[in-house]
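> Residue numbers (the UniProt record's numbering): 1 to 805.
1) Between the Cα of residue 535 and the Cα atoms of 587, 342 and 542, which residue gives the shortest distance?
2) Since I believe residue 455 is in contact with residue 411 (beta carbons under 8 Å), could you give me their beta-carbon distance rounded to a whole number of angstroms?
3) Express the C-alpha separation of residue 757 and residue 861 in angstroms, rounding to a whole number.
4) Below 8 Å, how does it come out for the segment 774-783 and the segment 727-740: are there three or more Cβ pairs, yes or no?
5) Out of 358, 214, 442 and 167, which one is the CA nearest neighbour of residue 297?
6) Determine the DSSP secondary structure at residue 516, reduced to helix, strand or coil.
7) Along the chain, which unbroken stretches of the beta strand (DSSP E) at least 3 residues long are found entirely within the segment 321-365?
8) Is it true that the CB of residue 310 sits closer than 9 Å to the CB of residue 274?
9) Would residue 769 and residue 718 qualify as a contact pair, given that the criterion is a beta-carbon distance under 9 Å?
10) Residue 540 to residue 654, Cα distance in whole Å?
11) Please report the residue range of the beta strand (DSSP E) in which residue 273 lies.
12) Helix, strand or coil for residue 454 per DSSP?
13) For the alpha helix (DSSP H) that residue 247 lies in, which residues bound it at each end?
14) Can you round the beta-carbon distance between residue 397 and residue 209 to whole angstroms, since I take them to be within the 8 Å contact cut?
15) Looking only at its own chain, which residues have a Cβ that is under 7 Å from the Cβ of residue 392, when we skip the five neighbours before and after it?
16) Below 8 Å on the Cβ atoms is my guess for residue 117 versus residue 77; work out the distance and round it to an integer in Å.
17) Using the beta-carbon count (16 or more within 10 Å), is residue 180 buried or exposed?
18) Nearest-angstrom Cα distance between residue 325 and residue 271?
19) Which one of 131, 203, 793 and 313 has the shortest CA to CA distance from residue 215?
20) Does the Cβ of residue 252 have 16 or more other Cβ atoms within 10 Å, making it buried, or fewer, making it exposed?
21) To the nearest angstrom, report how far apart residue 5 and residue 464 are at their CA atoms.
22) Which residues in the same chain have their Cβ closer than 7 Å to the Cβ of residue 54, if we skip the five residues on either side of it in sequence?
23) I think residue 243 touches residue 159, with their Cβ atoms under 8 Å apart; what is that distance to the nearest whole Å?
24) DSSP has residue 802 in a bridge; who is on the other side?
25) I want to know whether the segment 466-485 touches the segment 412-425 - three or more CB-CB distances under 8 Å.
26) Pop quiz: residue 165 and residue 19 are said to be a contact at Cβ under 8 Å. What is the actual Cβ separation, rounded to whole angstroms?
27) In whole angstroms, what separates the C-alpha of residue 459 from that of residue 173?
28) Please determine if the segment 510-526 and the segment 565-580 are in contact, where contact requires at least 3 C-beta pairs separated by less than 8 Å.
29) From the DSSP output, in three-state form, read off residue 84 for me.
30) Could you compute how far the alpha carbon of residue 191 sits from the alpha carbon of residue 277?
31) If residue 351 and residue 369 are in contact, beta carbons under 8 Å, what's the gap, nearest whole angstrom?
32) Give me the Cα-Cα distance between residue 621 and residue 36, rounded to the nearest whole angstrom.
33) Around the C-beta of residue 528, are 16 or more other C-beta atoms found within 10 angstroms, so that it is buried, or is it exposed?
34) Run through the DSSP bridge pairs and tell me what residue 153 is partnered with.
35) How many angstroms separate the CA atom of residue 290 from the CA atom of residue 523?
36) What is the rounded straight-line gap between the Cα of residue 761 and the Cα of residue 635?
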């Protein structure tokens with residue numbers, strides 16, 4: 001919202017209050033001020049002049065010699081090349097020594113032998129951007145109103161010295177989307193008198209034609225008012241109105257359209273003017289659009305509507321997209337003589353849907369989306385009719401046609417003084433509180449230490465007791481509320497077991513060289529389907545996705561992790577080591593009726609060479625699978641899990657021969673493997689290895705952590721090499737060794753796998769290093785030999801193993 005200081009001063013006594021003071025106090029009371037700027041781009045020495053005569057230049061066909069009166073009896077000869085210059089015009093004249101934007105300095109000049117003592121300026125030369133100029137003002141000189149005072153400084157005439165305060169409003173302060181709302185706020189802050197215009201009902205001046213208003217969709221439009229004004233002369237609006245519109249960032253168009261925009265900026269209530277002669281039926285019907293119904297809006301774009309959108313029609317054809325933009329078929333033009341003014345309350349949700357689906361935003365939709373003041377609808381309509389009569393010679397042709405679904409209920413909110421004091425932590429007196437309500441113009445009564453406050457319709461954000469506490473705090477001054485320490489029973493803080501383990505897992509992964517990322521919770525259906533999940537479930541689709549790439553809730557972290565890795569690789573980071581700990585969203589329902597289950601998951605990815613090739617040093621190929629498996633085992637160990645098993649698996653999106661499920665106590669808790677070569681090629685990843693782990697299943701295990709003393713007795717080491725069928729997993733052999741060896745076996749490590757002609761077709765040799773130890777004595781060779789023999793016998797019986805000598 002752009003607030004003109006000059007315009008604001010019409011409603012509030014700002015004597016002794018600067019724009020900087022207003023900005024400071026607005027910031028203090030909760031309305032952020034983005035910036036303060038002046039409309040003057042650096043103009044000096046320019047005055048209003050009157051062109052007395054225009055003669056052709058004797059030596060140049062495109063130049064004219066103008067005699068210009070610039071006040072105080074001073075006549076200047078100025079050579080001008082503008083096509084639209086004419087005698088009798090009032091124009092901006094840059095005198096000798098004047099300065100214009102862009103570092104232009106006006107000096108005495110001679111053009112084709114004729115002296116020129118100044119310059120007649122265009123709007124662009126005065127620094128006006130095209131977006132705030134009428135079409136005719138973008139070409140040629142800037143023609144001012146015929147009654148512009150000759151000799152007046154142009155900055156004063158065009159309000160270029162006006163300062164504009166740009167407000168960054170939060171959605172709850174829709175009341176400040178109009179100058180009157182801002183005036184209420186500033187008057188309350190500085191405790192100044194509020195001087196709003198007196199508005200009365202506009203009655204017909206002569207018998208005329210009215211309009212019938214019918215509203216089919218009452219829930220979308222509970223209040224609609226319209227009034228016909230005739231005998232209008234369309235032309236430019238007065239300069240003071242143009243100045244204020246330009247200060248608000250709105251381009252003047254003509255007096256009728258400018259009045260609707262002016263009143264919207266003034267009151268916060270959007271209005272629209274229809275050319276009444278183009279409404280064939282003389283009726284206004286507000287209804288939902290038919291499926292596929294089309295309308296050409298004022299921007300000359302044909303738009304297709306859906307049944308969730310609201311239209312203003314003449315009973316048959318659409319005249320406007322309600323609350324968003326009018327239609328071209330009933331646009332006000334230079335030939336317009338009679339207009340139908342509309343003021344209404346449109347459902348914010350309906351307007352928001354329409355604006356979003358059509359990709360069309362306007363000043364009106366911005367206000368309707370946040371909700372307008374229902375008590376301001378008729379005053380805004382009457383204010384616009386009043387200005388049409390004053391500035392356009394209009395004659396009211398009918399009473400206002402009003403469709404109203406019901407009266408607005410009065411809202412009263414109670415505020416306990418004790419509650420106010422407890423929340424603010426300051427002893428504020430009831431008199432001070434009542435004075436604040438007076439300044440805010442909130443009628444209030446105090447009885448038994450409880451304030452009964454009537455909430456005006458202009459403040460829909462005040463709904464509960466705490467809202468009134470905030471209002472009192474704002475006006476009392478946040479800086480006056482002392483800083484106090486919390487009081488009451490204090491308990492030592494701490495982390496739950498889940499929080500601690502999650503934090504430990506993150507710290508461990510970072511210490512192991514992985515970089516943590518945070519990715520979107522929304523992804524695409526294609527990304528979800530290209531790689532397997534840990535769960536059998538349904539996709540959860542977003543009702544109105546922003547894009548195809550963010551259409552479903554994620555059921556796994558890997559798709560976004562893979563995209564992040566590809567993003568880095570494409571920007572020169574050949575080695576990527578990433579992980580994420582986050583929530584996934586699971587359901588078995590095809591149509592969601594209950595909230596999805598949120599489960600905590602860990603995903604990791606390693607891709608690319610271990611180290612790039614440099615001088616005399618070849619590139620180091622990565623053993624990514626084993627590196628990530630080691631990281632997984634470190635995480636499992638931190639969670640107290642030491643008996644995880646790995647089972648070969650063939651899963652969608654994974655390499656069919658390099659993928660394993662991680663199993664703990666016969667339950668799958670994760671998957672570790674290399675991405676399928678096709679998927680890796682699609683994302684330009686080199687040897688990518690990924691990990692998915694269900695952290696919540698690990699948390700459910702709650703394993704016991706056992707601490708043991710450092711061994712006092714030496715260990716005995718034996719190597720064991722056996723030949724088995726090639727399809728026997730090494731993990732099953734290791735599990736068998738642990739089972740037979742019992743407590744005396746301290747560790748078992750696979751150190752060699754060998755295949756070849758010496759072993760035989762379909763066979764492989766696996767070799768393990770076994771470490772035996774006991775806590776209370778030194779083991780004898782005989783004891784170790786017996787255990788070794790039992791192991792060999794078990795492997796022979798279970799796997800058909802043959803001992804290699």
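Just so you know, even glycine gets a beta-carbon here, dropped at the ideal spot from N, CA and C.
Here the structure is a predicted model, which means the values were calculated and not measured.
Considering the structure as presented:
1) Taking only the C-alpha atoms, the option nearest residue 535 is 587.
2) Approximately 4 Å separates the beta-carbon atoms of residue 411 and residue 455; this is inside 8 Å, confirming the contact.
3) With the chain covering only 1 through 805, there is no way to say anything about residue 861.
4) Not touching, per the Cβ criterion.
5) Of the residues 358, 214, 442 and 167, the one whose Cα lies closest to the Cα of residue 297 is 358.
6) Residue state, collapsed to three classes: strand.
7) Every unbroken stretch of the beta strand (DSSP E) spanning 3 or more residues and falling wholly within the segment 321-365 is given here in chain order: 339-345.
8) With respect to the 9 Å criterion, residue 274 and residue 310 are not classified as neighbours on the basis of their beta carbons.
9) In contact: residue 769 and residue 718 (Cβ atoms closer than 9 Å).
10) Going from the Cα of residue 540 to the Cα of residue 654 covers about 23 Å.
11) Where residue 273 is concerned, the enclosing beta strand (DSSP E) stretches over 271-275.
12) Under the three-state reduction of DSSP output, residue 454 falls in the strand class.
13) It spans 239-247 - the alpha helix (DSSP H) in which residue 247 sits, taken as one unbroken run.
14) At roughly 6 Å, the Cβ-Cβ gap stays under 8 Å, so residue 397 and residue 209 are in contact.
15) 232, 233, 255 and 256.
16) Distance from residue 117 to residue 77 at the Cβ level is roughly 6 Å; contact confirmed, criterion being Cβ atoms closer than 8 Å.
17) By the 10 Å Cβ count, residue 180 comes out buried.
18) Spanning the two alpha carbons is a distance of roughly 10 Å.
19) Nearest option by C-alpha distance: 313.
20) Label assigned to residue 252: buried.
21) Their backbone Cα atoms lie some 33 Å apart in a straight line.
22) Hits under 7 Å: 64, 66, 85, 86 and 87.
23) Rounded, the Cβ-Cβ distance is 4 Å, consistent with contact.
24) BP columns for residue 802 point to 723.
25) Verdict: yes, contact present.
26) With a Cβ gap of about 6 Å, residue 165 and residue 19 count as contacting.
27) So the alpha carbons of these two residues sit roughly 8 Å apart.
28) The segment 510-526 is in contact with the segment 565-580.
29) Reduced to three states, the DSSP call for residue 84 is coil.
30) Taken atom to atom, the span from the alpha-carbon of residue 191 to that of residue 277 is near 48 Å.
31) The Cβ separation is near 5 Å, so the contact holds.
32) Note that residue 621 scores a pLDDT of 44, beneath 50, so its modelled location is shaky; the value from the coordinates is reported in the next line. Rounded to the nearest angstrom, the gap between the Cα atoms of residue 621 and residue 36 is 59 Å.
33) Under this definition residue 528 is a buried residue.
34) DSSP lists 47 as partners of residue 153.
35) Here the C-alpha atom of residue 290 lies approximately 33 Å from the C-alpha atom of residue 523.
36) Roughly 38 Å between the two C-alpha positions.
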